[in-house]
Amino acid sequence: MLDTPDETHFDAVCRTAQVLFSTPIAFVSLVDKNRQWFKARCGIDVKETPRSMAFCNYAILSDNVLVIEDALDDPRFSENPLVTGPLGVRFYAGAPLILHQGIRLGTLCLMDVQRRSFSAEQVRQFQDLANIVVAHLRLHEARNQIGRDLEVLQSAQAKLREAADYQLLVEQVGGIGYWQYNLNSGKATWSPSMRRLVGHEMLDGELSLNDLIQFLHPDEHCDLFAAFDTRNAEVNGMALMPFDRQRRLVRADGEVRTVISRGLPQHDETGAVVALLGVCVDITDLVRSEEQLRGVSTLLRVTLENMDQGILMVGADNRVLVHNQKARDLLGLSEALLHEGARFDLLQQHQVDRGEFCKVDGELRHWLESGALGTTAGTYERDRPNGISIEVRSVPLPRGGLVRTFTDITERKRREAALRLAEAEYQTLFQNAVVGVYRANLDGTLVRANQALAKLHGYSDPTSATASGNGFTHDWYVDRNRKDEFMRLLLRHGRVDDFVSEVTGHATGEPIWVSETAWLVRDADGCPFCFEGTVVDATERKRAEAQIEHMARHDALTGLPNRRQFQERLTQELVHAQRQGTSVAVLCCDLDRFKTVNDTFGHPAGDALLCTLADRMRRSLRPGDMVARLGGDEFAIILLGRSHPHGVGAAAKRVIEVVGQPVDIDGHLTNVGVSIGVAIGLDDGDRAELLFKNADIALYRAKEAGRHTCRFYEAGMDMAVASRNLLEIDLKDAVRKGGFALHYQPIIDLASDTLRGFEALLRWQHAEKGMISPAAFIPLAEETGLIVELGAWALRDACREAVSWSADLRVGVNVSAVQIQHVDFHQHVLDALVESGLAPERLELEITESVLVKDTEAAISCLHRLRRIGVRLAIDDFGTGYSSLSYLCLFPFDKIKIDRSFIQDACASTSGAIVRAVVGLGKHLGATITAEGVETQSQLDWVRSEGCCEVQGFIFGRPVPPSVIRGMMQSVEAANAQQHEAMDYLSHCERRSLLNA
Numbered sequence: 002m003l004d005t006p007d008e009t010h011f012d013a014v015c016r017t018a019q020v021l022f023s024t025p026i027a028f029v030s031l032v033d034k035n036r037q038w039f040k041a042r043c044g045i046d047v048k049e050t051p052r053s054m055a056f057c058n059y060a061i062l063s064d065n066v067l068v069i070e071d072a073l074d075d076p077r078f079s080e081n082p083l084v085t086g087p088l089g090v091r092f093y094a095g096a097p098l099i100l101h102q103g104i105r106l107g108t109l110c111l112m113d114v115q116r117r118s119f120s121a122e123q124v125r126q127f128q129d130l131a132n133i134v135v136a137h138l139r140l141h142e143a144r145n146q147i148g149r150d151l152e153v154l155q156s157a158q159a160k161l162r163e164a165a166d167y168q169l170l171v172e173q174v175g176g177i178g179y180w181q182y183n184l185n186s187g188k189a190t191w192s193p194s195m196r197r198l199v200g201h202e203m204l205d206g207e208l209s210l211n212d213l214i215q216f217l218h219p220d221e222h223c224d225l226f227a228a229f230d231t232r233n234a235e236v237n238g239m240a241l242m243p244f245d246r247q248r249r250l251v252r253a254d255g256e257v258r259t260v261i262s263r264g265l266p267q268h269d270e271t272g273a274v275v276a277l278l279g280v281c282v283d284i285t286d287l288v289r290s291e292e293q294l295r296g297v298s299t300l301l302r303v304t305l306e307n308m309d310q311g312i313l314m315v316g317a318d319n320r321v322l323v324h325n326q327k328a329r330d331l332l333g334l335s336e337a338l339l340h341e342g343a344r345f346d347l348l349q350q351h352q353v354d355r356g357e358f359c360k361v362d363g364e365l366r367h368w369l370e371s372g373a374l375g376t377t378a379g380t381y382e383r384d385r386p387n388g389i390s391i392e393v394r395s396v397p398l399p400r401g402g403l404v405r406t407f408t409d410i411t412e413r414k415r416r417e418a419a420l421r422l423a424e425a426e427y428q429t430l431f432q433n434a435v436v437g438v439y440r441a442n443l444d445g446t447l448v449r450a451n452q453a454l455a456k457l458h459g460y461s462d463p464t465s466a467t468a469s470g471n472g473f474t475h476d477w478y479v480d481r482n483r484k485d486e487f488m489r490l491l492l493r494h495g496r497v498d499d500f501v502s503e504v505t506g507h508a509t510g511e512p513i514w515v516s517e518t519a520w521l522v523r524d525a526d527g528c529p530f531c532f533e534g535t536v537v538d539a540t541e542r543k544r545a546e547a548q549i550e551h552m553a554r555h556d557a558l559t560g561l562p563n564r565r566q567f568q569e570r571l572t573q574e575l576v577h578a579q580r581q582g583t584s585v586a587v588l589c590c591d592l593d594r595f596k597t598v599n600d601t602f603g604h605p606a607g608d609a610l611l612c613t614l615a616d617r618m619r620r621s622l623r624p625g626d627m628v629a630r631l632g633g634d635e636f637a638i639i640l641l642g643r644s645h646p647h648g649v650g651a652a653a654k655r656v657i658e659v660v661g662q663p664v665d666i667d668g669h670l671t672n673v674g675v676s677i678g679v680a681i682g683l684d685d686g687d688r689a690e691l692l693f694k695n696a697d698i699a700l701y702r703a704k705e706a707g708r709h710t711c712r713f714y715e716a717g718m719d720m721a722v723a724s725r726n727l728l729e730i731d732l733k734d735a736v737r738k739g740g741f742a743l744h745y746q747p748i749i750d751l752a753s754d755t756l757r758g759f760e761a762l763l764r765w766q767h768a769e770k771g772m773i774s775p776a777a778f779i780p781l782a783e784e785t786g787l788i789v790e791l792g793a794w795a796l797r798d799a800c801r802e803a804v805s806w807s808a809d810l811r812v813g814v815n816v817s818a819v820q821i822q823h824v825d826f827h828q829h830v831l832d833a834l835v836e837s838g839l840a841p842e843r844l845e846l847e848i849t850e851s852v853l854v855k856d857t858e859a860a861i862s863c864l865h866r867l868r869r870i871g872v873r874l875a876i877d878d879f880g881t882g883y884s885s886l887s888y889l890c891l892f893p894f895d896k897i898k899i900d901r902s903f904i905q906d907a908c909a910s911t912s913g914a915i916v917r918a919v920v921g922l923g924k925h926l927g928a929t930i931t932a933e934g935v936e937t938q939s940q941l942d943w944v945r946s947e948g949c950c951e952v953q954g955f956i957f958g959r960p961v962p963p964s965v966i967r968g969m970m971q972s973v974e975a976a977n978a979q980q981h982e983a984m985d986y987l988s989h990c991e992r993r994s995l996l997n998a
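Under our numbering, the first residue of the sequence shown carries the number 2, and numbering increases by one thereafter.
Shown next as structure tokens:
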């Protein structure tokens, strides 16, 4: 095979491999001891190389395809001259060409000057091509062998008696069957290899033509008789001639094999033809390889026709070799113009003549109209006359010609234009946003900042803020630990919301409060590489928070600590007492006859009296002691360092004395008293709740003793606990038997003076004790856990009732902290909505801050789930217990309800300031503000002027049973039907109906 002439079928395999795998170089190499010789090649000019530098020197030793994706990374080839030299080979794939076991002639190879990968499917296809080459090599070997055999036969015609030796020679040639047909007897003989070829180990003997038929494919029968019939030669006046035919044999197992049957006549001494001698060569594998090659070609054509791109390959002779329909469509060329074999220069001239390049400017147009093929790879875009934009990529072929692809980029250019417009709009929004916006690297270096952020930090423009070297980074916190906390939250959650901190203005050095919202920006692999955020000046907000935080911990009227601060302080002092062995005394104080003063002189006078008495009690205590107003006329005092009843009693006596002194109210002298209950820790309780409860029990006894006195807690005072236990038994029975009812109090929209909805209030009509106040049984229900079942019933009943109302009316239901902490609370709400059919947005759950204090994370999670299904949420009695802006930041409530105590204290300047602060906060948060406990017209006018959105109170109606509400609804609907346009009259009807109820 070495140094033999080129053969077209080997060249075809190389071209197929080059196109199929898109490589610039493909060749079939054969090797001997010292050199590698190319039987066929594409993309490479050399004909042979020393074997020592051949990649094939490794591939030929393998039984599988050898793939080198990057020769520079492989120590076997990184220093090879083919890699380091002008050729610059990077990629190599080689399949060994093995004729028989151990006979390795060479390899089928692919090379590329660029690194590339080779998939398993490509390896399989490449191995298939290698099998085709092997089949051709076997055919070549077989043909050579047949030629040699025929020469032997021709030289041995005179030595027919030596047939046994000749037969032995043929049997030694693998895959070739020998046969002989005697013309006189009409019988044939087969060699053992011939019998193996047809898969039939028959006994030695002669076969007739009819015997041969069973091993021949039915389509070959007639041809066989014609070949072996001597009369054909006589009729045609022709002598029998040597023949070479391809036939199909049917083996004994049914398999069809393809063979080449070659024969020649045998003459006797007189020159007469007495027999036919021949061989059969099995070429089944070659035929199958050729069919597979045709299949690959078909697959290649299908692939080309289904590409999104148009493709055009032009040979070195300037004629089209390959193209697809997409190319004709994108270029607007008919099949008559663009077809395989068409001259490329005529195609380009046709495009020039019809103005194909009229929308192309400058040198590109000149180059296109010149018709030059180009010698370097390149890419350009152009617009066609029909408005389509295409991208053209050209790659020159190593042996001349080029491959050109055409891609429709019309939609891409439209998207790019839209993206540029969006970017311009974004830049406008970015630079003109009223809040600071920035992007920073993970190390805090600011990459971009807008005008608002620059101004916030004292810079005139963003360029100055982010200028190199000025040191402006995200590390702007006054408290250095805040930066670590910010990054910890950001990296853990991917986002930080409303991160409020005190920062230093970079240019001014002035401290300011800001609120940040930031989020991570990730790359294509999902790894964070920077973060973006917004910054809002929160200085005024912090002032408002501080004010409301003070309000949350202090009584708005007297300025004393409120219940929350009292409980916190008492807990702290008890812990300290346990550690240090000291004592703490708690005094529960309740003013005597205060209601009389309030009713006689009015609420303003009562407020003035409370302020005076609060100041007196404060001044009567020693430094370190604490007096708090718990609400109404209830006060509590913490005394430190006094464990002996005598010292505590003396302090209580001083309080009774200072409170009992006359007070001048608008020129009238009046006086009130105070009853005090005392409990001393740790003897009377080691927990704040227990110690305060025992002091409250003692207060009850002080009131029973005639008021204006003091009583210490004693164990015998626990009768109140027994009473409480009896009430608990009755409560359980009432829950089991359904002894509760809901009454409804209206809520009025101040903007339109129309009914907005109702608040459902729980009522218990005891069989013996009559109507029991919710203040008496609700805490007990919470403590015992009965509130879960009772609250679920209230939700279901309120939703069923609300369904019968007008569709624009909501129902508010009070929810206990115990309910929300229960695992089934979310399901209770869903069940109530589903069973009643009430729209979720018509249900409004009213909660107090205590819900958030007890278990903030769990409560917030539950509230978020309810909010997502549409349920509205309101924070009730705001300002009386645990009010804190931090809770409002944790969860954006739909409504804030101002406690009635602030409305009752409306004349006090402090209450007015608090109400205004809450209204302002609500507007900032987008929450509805509802004023509770509005009882007079003056209070209504005042809350309206302060900006409250809704009101609720006796001025519009007391809580009434649902039957009264339904009757009122019917009368309102009747009035509305009679005079639909009179909205003022409707508001009047609603208010009067509620008042009558």
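Cβ coordinates follow ideal geometry from the N, Cα and C atoms, glycine included.
Source: prediction; values computed, not measured.
Coil, strand or helix - residue 514 by DSSP: By 1-based counting over the sequence shown, the position of residue 514 is 513. Correct three-state label for residue 514: strand.
Is it the case that the stretch 571-584 contacts the stretch 935-952, given that we only count it when at least three CB pairs across the two stretches are under 8 Å? Result no; under three Cβ-Cβ pairs closer than 8 Å.
Quick one: using the 10 Å Cβ neighbour count with 16 as the cut-off for buried, is residue 999 buried or exposed? The displayed coordinates of the chain run from 2 to 998. Any statement about residue 999 would go beyond what the structure contains.
Evaluate the contact criterion for the stretch 508-519 versus the stretch 409-416: three or more CB pairs, one atom per stretch, below 8 Å. Using a C-beta cut-off of 8 Å, the stretch 508-519 makes no contact with the stretch 409-416, since fewer than three inter-stretch Cβ pairs fall below that distance.
The stretch 641-651 touching the stretch 549-559, judged by at least three CB pairs closer than 8 Å: The stretch 641-651 makes no contact with the stretch 549-559, as fewer than three CB pairs between them are under 8 Å.
For the stretch 597-660, which segments carrying the beta strand (DSSP E) assignment without a break, of at least 3 residues, lie completely within its bounds, in sequence order? Restricted to the stretch 597-660, the beta strand (DSSP E) segments that are unbroken, complete and at least 3 residues in length are 627-632 and 635-641, listed in chain order.
Residue 1000 and residue 322: beta carbons closer than 9 Å? Past the boundaries of the shown model lies residue 1000; the chain is included only from 2 to 998, so the question cannot be answered.
Do residue 325 and residue 374 have their C-beta atoms closer together than 9 Å? For the purposes of this step, residue 325 is taken as the residue at position 324 of the sequence shown. For the purposes of this step, residue 374 is taken as the residue at position 373 of the sequence shown. It is not a contact, given that the beta carbons lie outside the stated cut-off.
Would the beta-carbon of residue 588 fall within 9 Å of that of residue 706? Along the sequence shown, one-based indexing puts residue 588 at 587. Along the sequence shown, one-based indexing puts residue 706 at 705. Note that the C-beta distance between residue 588 and residue 706 is not below 9 Å.
How big is the Cα-Cα spacing for residue 932 and residue 900? The residue labelled residue 932 in the question sits at position 931 within the sequence shown. The residue labelled residue 900 in the question sits at position 899 within the sequence shown. The straight-line gap from Cα to Cα measures roughly 7 Å.
Should residue 530 be labelled buried (16 or more other beta-carbon atoms within 10 Å of its own) or exposed? One-based indexing of the sequence shown puts residue 530 at position 529. Exposed, by the Cβ-count rule.
Below-9 Å beta-carbon distance, residue 902 vs any chain D residue: Of the chains in the structure shown, none is chain D; there is only one protein chain.
Span separating the alpha-carbon of residue 96 from that of residue 81: For the purposes of this step, residue 96 is taken as residue 95 along the sequence shown, with counting starting at 1. For the purposes of this step, residue 81 is taken as residue 80 along the sequence shown, with counting starting at 1. Spanning the two alpha carbons is a distance of roughly 20 Å.
Pick from 543, 687 and 103: whose alpha carbon is nearest that of residue 582? Here residue 582 corresponds to residue number 581 of the sequence shown, with the count starting at 1. Sorting 543, 687 and 103 by C-alpha distance to the C-alpha of residue 582 places 687 at the top.
Please tell me whether residue 831 and residue 757 are closer than 9 Å, where the distance is taken between their beta carbons. To locate residue 831, count along the sequence shown from 1; it is residue 830. To locate residue 757, count along the sequence shown from 1; it is residue 756. It is not a contact, given that the beta carbons lie outside the stated cut-off.
Suppose the cutoff is 7 Å on Cβ atoms and the five residues either side in sequence are ignored; what does the same chain contact list for residue 992 look like? If you number the sequence shown from 1, residue 992 lands on position 991. In this prediction, residue 992 scores a pLDDT of 43, lower than 50, which makes its location untrustworthy; no coordinate-derived value is stated.
So the beta strand (DSSP E) residue 38 belongs to, where does it begin and stop? Indexing the sequence shown from 1 puts residue 38 at position 37. That run of the beta strand (DSSP E) goes 36-43.
How long is the line joining the alpha carbons of residue 8 and residue 286, rounded to whole angstroms? One-based indexing of the sequence shown puts residue 8 at position 7. One-based indexing of the sequence shown puts residue 286 at position 285. The straight-line gap from Cα to Cα measures roughly 19 Å.
Below 7 Å CB to CB, which residues in the same chain sit around residue 59 once its five sequence neighbours on both sides are set aside? The residue you call residue 59 lines up with position 58 of the sequence shown. Hits under 7 Å: 67 and 77.
Own chain residues within Cβ distance below 8 Å of residue 100, not counting five before or after: In the sequence shown, counting from the first residue as 1, residue 100 sits at position 99. Correct list, in chain order: 106, 135, 138, 139 and 142.
Among 417, 569 and 846, which has the Cα closest to the Cα of residue 820? In the sequence shown, counting from the first residue as 1, residue 820 sits at position 819. Distances from the alpha-carbon of residue 820 to those of 417, 569 and 846 put 846 closest.
Please report the Cβ distance between residue 593 and residue 673, rounded to the nearest whole angstrom; I am assuming they are in contact, meaning their Cβ atoms lie under 8 Å. Start at 1 with the first residue of the sequence shown, and residue 593 comes out as number 592. Start at 1 with the first residue of the sequence shown, and residue 673 comes out as number 672. The C-beta separation of residue 593 from residue 673 comes to about 6 Å, placing the pair in contact by the 8 Å criterion.
Short check: CB of residue 545 to CB of residue 921, under 9 Å? The sequence position of residue 545 within the sequence shown is 544, counting from 1. The sequence position of residue 921 within the sequence shown is 920, counting from 1. At the C-beta level, residue 545 and residue 921 come within 9 Å of one another.
Kindly identify the DSSP beta-bridge partner or partners of residue 323. For this step, residue 323 is matched to residue 322 along the sequence shown. DSSP lists 314 as partners of residue 323.
Counting C-beta neighbours from all protein chains within 10 Å, is the total for residue 879 16 or more, i.e. buried, or is it exposed? Indexing the sequence shown from 1 puts residue 879 at position 878. Around the beta carbon of residue 879, 16 or more other beta carbons lie within 10 angstroms, which makes this residue buried.
Contact between the stretch 514-524 and the stretch 498-506 is defined here as three or more beta-carbon pairs at a separation below 8 Å; is this criterion met? With the cut-off at 8 Å, the stretch 514-524 and the stretch 498-506 touch.
According to the Cβ coordinates, are residue 1 and residue 43 closer than 9 Å? Nothing can be reported for residue 1: it is not among the residues displayed for the chain, which extend from 2 to 998.
Where does residue 766 land, buried or exposed, given buried means 16+ other C-beta within 10 angstroms? Here residue 766 is taken as the residue at index 765 of the sequence shown, counted from 1. That one is exposed.
Residues bridged to residue 391 [DSSP beta-bridge criterion]: For the purposes of this step, residue 391 is taken as residue 390 along the sequence shown, with counting starting at 1. Beta-bridge pairing by DSSP links residue 391 to 383 and 409.
Within its chain, find whatever has a CB closer than 6 Å to the CB of residue 873; leave out the 5 residues flanking it on each side and keep chain order. In the sequence shown, the residue the question calls residue 873 occupies position 872. Within the same chain, residue 873 has close Cβ partners 845 and 895.
Sort 352, 348, 383 and 346 by Cα distance to residue 364 and report the nearest one. Counting from 1 along the sequence shown, the entry for residue 364 is found at position 363. Nearest option by C-alpha distance: 383.
Please look up how many angstroms separate the CB atoms of residue 675 and residue 660, rounded, as I've assumed it's under 8 Å. One-based indexing of the sequence shown puts residue 675 at position 674. One-based indexing of the sequence shown puts residue 660 at position 659. In this structure, residue 675 and residue 660 form a Cβ contact; the two beta carbons are roughly 4 Å apart against a cut-off of 8 Å.
Taking all protein chains shown into account, do 16 or more other C-beta atoms lie within 10 angstroms of the C-beta of residue 20, making it buried, or fewer, making it exposed? Position 19 of the sequence shown, counted from the first residue, corresponds to residue 20. Taking all protein chains shown into account, residue 20 has 16 or more neighbouring C-beta atoms within 10 Å of its C-beta and is therefore buried.
Neighbourhood of residue 652 by C-beta, 6 Å cutoff - its chain only, sequence neighbours within 5 removed: Within the sequence shown, residue 652 is the residue found at index 651, counting from 1. For residue 652, where only same-chain residues beyond five positions count, the Cβ hits under 6 Å are 640.
Cα-Cα, which of 249, 648 and 727 is closest to residue 284? One-based indexing of the sequence shown puts residue 284 at position 283. Looking only at 249, 648 and 727, the smallest Cα-Cα distance to residue 284 is reached by 249.
Distance CB(residue 762)-CB(residue 827) smaller than 9 Å: Here residue 762 is taken as the residue at index 761 of the sequence shown, counted from 1. Here residue 827 is taken as the residue at index 826 of the sequence shown, counted from 1. Remark: C-beta atoms of residue 762 and residue 827 do not approach each other more closely than 9 Å.
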